[in-house]
Each structure stands twice: as structure tokens, then as C-alpha cells.
Amino acid sequence: MDIQQKNNLAQRVAQDIPEGSYVNLGIGLPTLVADYFTDKEVILQSENGVLGQWTQAEKGKENWDLINAGKEAIDLKKGGAFFHHADSFGMMRGGHLDYCILGAFQISANGDLANWHTGHPDAIPAVGGAMDLASGAQNVYVMMEHLTKQGQSKILEECSYPLTGLACVNRVYTEIATFEFIKGQVFVIDIVSPHTPEYIQTITDVPLDFSRMK
Numbered sequence: 533m534d535i536q537q538k539n540n541l542a543q544r545v546a547q548d549i550p551e552g553s554y555v556n557l558g559i560g561l562p563t564l565v566a567d568y569f570t571d572k573e574v575i576l577q578s579e580n581g582v583l584g585q586w587t588q589a590e591k592g593k594e595n596w597d598l599i600n601a602g603k604e605a606i607d608l609k610k611g612g613a614f615f616h617h618a619d620s621f622g623m624m625r626g627g628h629l630d631y632c633i634l635g636a637f638q639i640s641a642n643g644d645l646a647n648w649h650t651g652h653p654d655a656i657p658a659v660g661g662a663m664d665l666a667s668g669a670q671n672v673y674v675m676m677e678h679l680t681k682q683g684q685s686k687i688l689e690e691c692s693y694p695l696t697g698l699a700c701v702n703r704v705y706t707e708i709a710t711f712e713f714i715k716g717q718v719f720v721i722d723i724v725s726p727h728t729p730e731y732i733q734t735i736t737d738v739p740l741d742f743s744r745m746k
């Protein structure tokens, strides 16, 4: 996925977040979404203890005491707040977040999430706050590339990697399409041009329902 595709994906996700929502942005692709809330008030939360509205810091003007969960410098807008790490996790675990936006290695048709460990012996596990977010947020949205580097679908009948959460994913956004997960069914909401339904089904390892397309 090139930088333009990443930015287009971030903008697409931001469109689906309602005004006034409290949102956690996970490490990686999700951090890009912060730059696309300029037309509505959305309150961002980071597990390292930041709450408010922010964008990525301008190159050369970074304040490295002010970072998101991915250790990227941010420009926090007026009205933002800092608080203890434990209080931040209390917010995540207590159901106080309307949305969390995470990356993923795999998603199952049932909405199971695998995003903290590939299970490989030499892999470095990185659970962070993912399990707390997957179980505590009201809605779990995932941003990811549609295929692995080996060309395999990341949307599967069952995840083969260790799970982060069970039946927790509501939507998945890829550079190919947007998917909604409802009671074991995977619906395609929209498709990124020039891809076709036939092509998307060919590269996805679960049956897809196109009846809800906009």
C-alpha cells in the first residue's frame, strides 16, 4: 500500500466516525486518521494518557514529550489533557470509548481479531492495549492491507494466529473495500475503484455478501 492509498484509507475511516465520538487510534495505519477530523469535533484518546484533538506534528517542530501510543509526535489542540497511564486504561476498560481503530494480522468471518502476535517463534509479541480496547470499546474498526506479503487473504474463516478478542470487530477497511461483520456474515459496504465484486471475492477467503453496498 503506497502513501496515497494509506491517506485515502484514513480519510475513508474518518468519514464513518460521528461528531462528538471518543476514539482511540491504534499504532500504525490508524494514527493517520487523526489528520482527517478537521471538519467535525472528535475527541481522541491514547493509552499513554492523552485526550483531546490532535494532528501529526509538523516535521522539524516536534515536541517529543508530546506523543501518541505509537511514539509519534503530535500537535495537541487547545483543551487537550494529560493523565496517568492507569486512568487511561480505566477509560478503555470501562466502556467509555465509542470507537477504537486498530491494525490487524487476521480477522475471522465471526469478527475475531488477531493483531498482537503471529505465533512464530522469532516474532516479538506486542499486545499493548489491544485486548483492553477490543473488549472495552463500543465499536471496533480495523484498518489493514487486504493481503499478506505472500498474497494471502487476511480475512479468513478462522484466525490461525493467537487471538486478541472474540467476535469484537464491527468493520474492516482495506485498500480494496470496506467490510461489515454481523453474526458470522461478512458484508461489503463499498468498493475502492477500479476493483469489482468478482475480484474482491476471488482474493478473500470467506463468502461475501454484496447486498448492503451503497
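Under my numbering, the letters of the sequence shown match residues 533 to 746, in that order. We treat Cβ as the ideally placed atom computed from N, Cα and C, and that holds for glycine.
Residue closest to residue i, alpha-carbon to alpha-carbon, out of the options
i: tyrosine 705; options: Pro739, Leu698, Pro694 and Val718; result: Val718
i: lysine 746; options: Val724, Asp571 and Val738; result: Val724
i: glutamate 730; options: Phe713, Ile714, Ala709 and Gly716; result: Ala709
i: valine 574; options: Met533, Pro726 and Gly612; result: Gly612
i: valine 545; options: Cys691, Thr736, Glu689 and Met676; result: Met676
i: tyrosine 554; options: Lys609, Tyr631, Asn600 and Gln536; result: Tyr631
i: lysine 686; options: Asn539, Ala605, Phe637 and Lys572; result: Phe637
i: aspartate 571; options: Gly581, Pro562 and Glu551; result: Glu551
Cβ neighbour criterion (16 or more within 10 Å) applied to residue i
i: alanine 542; result: buried
i: isoleucine 549; result: buried
i: asparagine 595; result: exposed
i: histidine 678; result: buried
i: glutamate 590; result: exposed
i: isoleucine 506; result: The first residue shown for the chain is 533 and the last is 746, placing residue 506 beyond what the model contains.
i: alanine 646; result: buried
Endpoints, alpha helix (DSSP H) assigned at residue i
i: serine 620; result: 617 to 625
i: leucine 665; result: 662 to 668
Cβ of residue i within 9 Å of any chain C Cβ
i: glycine 661; result: Protein chains in the displayed structure number just one, and chain C is not present.
Start-to-end residues for the beta strand (DSSP E) that takes in residue i
i: tyrosine 744; result: In the sequence under discussion, the amino acid at residue 744 is arginine, which differs from the tyrosine named in the question. Per DSSP, arginine 744 belongs to no beta strand (DSSP E) and is neither H nor E.
i: glutamine 588; result: 586 to 588
Residue i versus residue j: straight-line alpha-carbon distance, rounded
i: glutamine 588; j: tyrosine 568; result: 11 Å
i: glutamate 604; j: glycine 643; result: 29 Å
On the three-pair Cβ rule with 8 Å, is the stretch 621 to 632 touching the stretch 640 to 660?
no
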